[in-house]
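Colleague: Numbering (the working numbering), first residue to last: 46 to 279.
Have a look at this one:
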């Protein structure tokens, strides 16, 4: 633990004594996300499509990946973007509840212990600078830091840049999402050449953003790019 981490932990402990946290879902005192609500997350279990990570009864490529495979080695997610997890992510991203990165990042670390991916360095999906200034933090970076501490991998922050502002993906269909993020990312870290990259984000819907990031990382010579997200849409 670094000196900065220690100071932050002490500050967090003092604040918890003065203002005990409440679970974002059930409002129980004691933590920002209680064990009971964590247990409500619906985990994504194999067999999965080897490429996009969608549940697949036979464990083979899904029809979509057979027809138009994403340009990424693979995508995996911990749980479905539903119910309590959806609520927690909403608070994490839009209500400045950065402390949620700790239990959510630990959840990703627990998943990793049972289903590790080929990776040697973590890269978070970036926000556009305008969005980052507006929000004040990048939720993917916070998750990447917690996961990195949990599984012992370094985090290469600021290696990817979102060089073009895009429309919110939630408004768009699958093909529109691909067009929306095409050439929206650039990698500035030549040291990622020949590295096995683990790309981190909070939610995967169609995989279009993850694919666009993967293309940018491949352009600097990344050996492989796997994406790992906290949640995915059904």
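All C-beta atoms in this analysis are idealised placements derived from N, C-alpha and C, irrespective of residue type, glycine included.
Predicted model only: the values in this text are computed from it and were never measured.
1. Can you list, in chain order, the stretches of the alpha helix (DSSP H) that have 4 or more residues and sit fully within the stretch 100-142?
2. Quick check on the DSSP output: what are the complete alpha helix (DSSP H) runs of length 4 or more inside the stretch 182-218, in order along the chain?
3. Can you tell which of 168, 268, 257 has its C-alpha closest to the C-alpha of residue 243?
4. Can you give me the start and stop residues for the beta strand (DSSP E) that residue 169 sits inside?
5. Are residue 132 and residue 240 close, meaning C-beta to C-beta below 7 angstroms?
6. Going by beta-carbon coordinates alone, are residue 124 and residue 88 separated by less than 7 angstroms?
7. For residue 232, which of helix, strand or coil comes out of DSSP?
8. Use the C-beta contact count for residue 146: other C-beta atoms within 10 angstroms, 16 or more gives buried, fewer gives exposed.
9. What residue does the beta strand (DSSP E) around residue 269 start on, and which one ends it?
10. Quick check on DSSP: helix, strand or coil for residue 71?
11. Where residue 62 and residue 188 are concerned, what is the direct C-alpha to C-alpha distance, given to the nearest angstrom?
12. May I ask you to report which of helix, strand or coil DSSP gives residue 152?
Modeller: The answer reads as follows:
1. Runs of the alpha helix (DSSP H) inside the stretch 100-142: 108-112, 128-139.
2. At a cut-off of 4 residues, the continuous stretches assigned as alpha helix (DSSP H) that sit fully inside the stretch 182-218 are 184-196.
3. Here residue 243 corresponds to residue number 198 of the chain shown, with the count starting at 1. Nearest option by C-alpha distance: 168.
4. Taking the first residue of the chain shown as 1, we reach residue 169 at position 124. From DSSP, the beta strand (DSSP E) with residue 169 extends over 166-169.
5. On the chain shown, residue 132 is found 87 positions in, with the first residue counted as 1. On the chain shown, residue 240 is found 195 positions in, with the first residue counted as 1. No.
6. Stepping through the chain shown from its first residue, residue 124 is reached at position 79. Stepping through the chain shown from its first residue, residue 88 is reached at position 43. The Cβ-Cβ distance between residue 124 and residue 88 falls below 7 angstroms.
7. Taking the first residue of the chain shown as 1, we reach residue 232 at position 187. If DSSP states are grouped into helix, strand and coil, residue 232 belongs with the strands.
8. Taking the chain shown and counting its residues from 1, one reaches residue 146 at position 101. By the neighbour-count rule (16 or more Cβ atoms within 10 Å), residue 146 is buried.
9. Against the chain shown, residue 269 aligns to sequence position 224. Counting along the chain, the beta strand (DSSP E) containing residue 269 begins and ends at 269-277.
10. The residue you call residue 71 lines up with position 26 of the chain shown. Of the three classes helix, strand and coil, the one that applies to residue 71 here is coil, per DSSP.
11. Translated into the one-based positions of the chain shown, residue 62 becomes position 17. Translated into the one-based positions of the chain shown, residue 188 becomes position 143. The pLDDT assigned to residue 62 is 44, lower than 50, so where the model puts this residue is not dependable; a value taken from the coordinates is nonetheless given after this. Rounded to the nearest angstrom, the two C-alpha atoms are 25 angstroms apart.
12. Taking the chain shown and counting its residues from 1, one reaches residue 152 at position 107. It is helical.
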